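Accompanying notes for the structure given below.
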Amino acid sequence: MIKLIITDMDGTLLNNYDEIDPEFWEIEKKLSEKGVIFSIASGRPYYNLVKKFEKIKDNLLFICENGSLAIYKGKELFSNPISIENIKMINEICNKIPGIITLFCGKKSAYTYKDLFLANTLETQNEIRKYYNNLQLVDTLEDINDQFVKIAIYDPKGSENNSYQILKKYSNQFQIVVSGKVWLDLSNIGTNKGIAILKIQEKLSISYNETMAFGDYLNDYEMMKNVKYSYAMKNAHPDLISISNFITKEDNDHGGGTNTIKEIFNL
Numbered sequence: 668m669i670k671l672i673i674t675d676m677d678g679t680l681l682n683n684y685d686e687i688d689p690e691f692w693e694i695e696k697k698l699s700e701k702g703v704i705f706s707i708a709s710g711r712p713y714y715n716l717v718k719k720f721e722k723i724k725d726n727l728l729f730i731c732e733n734g735s736l737a738i739y740k741g742k743e744l745f746s747n748p749i750s751i752e753n754i755k756m757i758n759e760i761c762n763k764i765p766g767i768i769t770l771f772c773g774k775k776s777a778y779t780y781k782d783l784f785l786a787n788t789l790e791t792q793n794e795i796r797k798y799y800n801n802l803q804l805v806d807t808l809e810d811i812n813d814q815f816v817k818i819a820i821y822d823p824k825g826s827e828n829n830s831y832q833i834l835k836k837y838s839n840q841f842q843i844v845v846s847g848k849v850w851l852d853l854s855n856i857g858t859n860k861g862i863a864i865l866k867i868q869e870k871l872s873i874s875y876n877e878t879m880a881f882g883d884y885l886n887d888y889e890m891m892k893n894v895k896y897s898y899a900m901k902n903a904h905p906d907l908i909s910i911s912n913f914i915t916k917e918d919n920d921h922g923g924g925t926n927t928i929k930e931i932f933n934l
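Take the sequence shown: its position 101, counting from 1, is numbered 768 in the numbering used here, and each next residue is one higher.
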């Protein structure tokens, strides 16, 4: 019996217009009545996810910032903050990569350099604020009083082929993952959605065989390895499809995830 269903957001539960499948709300209600826990696992921060799911936030398990922070029914299960020394090190490296915008992701807010952010187009600013709706513009790192759980890089040249190629040599010091076409995320070694799921399975006494997950991109890679019912979206990155046990019949624009749940649970 499946007791835990986990879904990524962008490219998975959301369509390409940043919309949740209208059927999701009734599906979640029916699953909750059956005692099934629904979890949102995303590179997005908690405050962004809560805004999307305000009316059912107390039902959901949120795996935020690619596994750096987990919150269930409003209470923190665990977090993995980055030391200020490592934040400064990443900052120095990123300052040498032209064209990118570095975001310091804290528990309370995200932060980025004011001058760099305002020098970009309104389109770029809106794209960043879409994910980081709590965004503070600062002059220096010393202006920030928060615990950092992730560094996010917005790379308009393409994260996989640009900034990742520069930063991958530091993969023995940081967890580095391509989380979208223009997004790259850095966190502590051993931080990813897969490890977060292992911790949650242990805390909630839920097994590998009782867990289902849906994802589409490389930040979902480890997650897929730690669940029996691993569904790559039809629109997923080829590398994710190759290690998933199943593929949805439809893509994210046609309810690939929700239709799969309806079929399996006979909803």
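Glycine is no exception: its CB is placed at the ideal position from the N, C-alpha and C atoms.
What you are looking at is a predicted structure, and each value in this text was computed from that prediction instead of being measured.
Proximity to residue i [Cα-Cα], best of the options
| i | options | result |
| --- | --- | --- |
| F815 | I754, T674 and E794 | I754 |
| H904 | Y875, S846 and N855 | S846 |
| I862 | N733, P689, D675 and G678 | N733 |
| Y684 | N919, I908 and L885 | N919 |
| G922 | I795, M676, T807 and L680 | L680 |
| V703 | S854, P712, L871 and Y898 | L871 |
| Y713 | S909, K775 and W692 | K775 |
| N912 | F932, L934 and G882 | G882 |
| S909 | S838, E889 and N926 | E889 |
| V717 | T791, M756, N801 and L698 | N801 |
| T791 | I760, M900, N762 and K824 | K824 |
| A777 | L744, I811, I928 and I757 | I811 |
| Y739 | S699, N715, Y898 and I867 | I867 |
Cβ separation of residue i and residue j, assumed to be a contact under 8 angstroms, to the nearest whole Å
| i | j | result |
| --- | --- | --- |
| C772 | A819 | 6 angstroms |
| L804 | T769 | About 13 angstroms; that fails the 8 angstroms criterion. |
| K895 | I730 | About 18 angstroms separates the two Cβ atoms, so there is no contact after all. |
Beta-carbon spacing of residue i, residue j below 8 angstroms
| i | j | result |
| --- | --- | --- |
| E695 | I723 | yes |
| Y884 | L853 | no |
| S706 | L727 | yes |
| I669 | E869 | no |
| D822 | L851 | yes |
| Q840 | I856 | yes |
| L834 | I749 | no |
| T927 | F691 | no |
| K901 | I914 | yes |
| I764 | S826 | no |
Collapsed DSSP secondary structure at residue i in the structure displayed
| i | result |
| --- | --- |
| A899 | strand |
| E690 | coil |
| Y884 | coil |
| K718 | helix |
| A786 | coil |
| G857 | coil |
| K774 | coil |
| S846 | strand |
| E869 | helix |
| D918 | coil |
| Q832 | helix |
| K817 | strand |
| E743 | strand |
| Q792 | helix |
| S706 | strand |
| T925 | helix |
Residue i burial status per 10 Å Cβ neighbour count (16 or more: buried)
| i | result |
| --- | --- |
| Q842 | buried |
| N893 | buried |
| Y799 | buried |
| T788 | exposed |
| T807 | exposed |
| N886 | buried |
| Y875 | exposed |
| D675 | buried |
| G766 | exposed |
| L783 | exposed |
| G678 | buried |
| A708 | buried |
| S838 | exposed |
| K797 | exposed |
| I751 | exposed |
| K817 | buried |
Residue i Cβ short of 7 angstroms to the ligand ZN heavy atom set
| i | result |
| --- | --- |
| I738 | In the structure shown, the ligand ZN is absent, as is every other ligand, since no ligand is present at all. |
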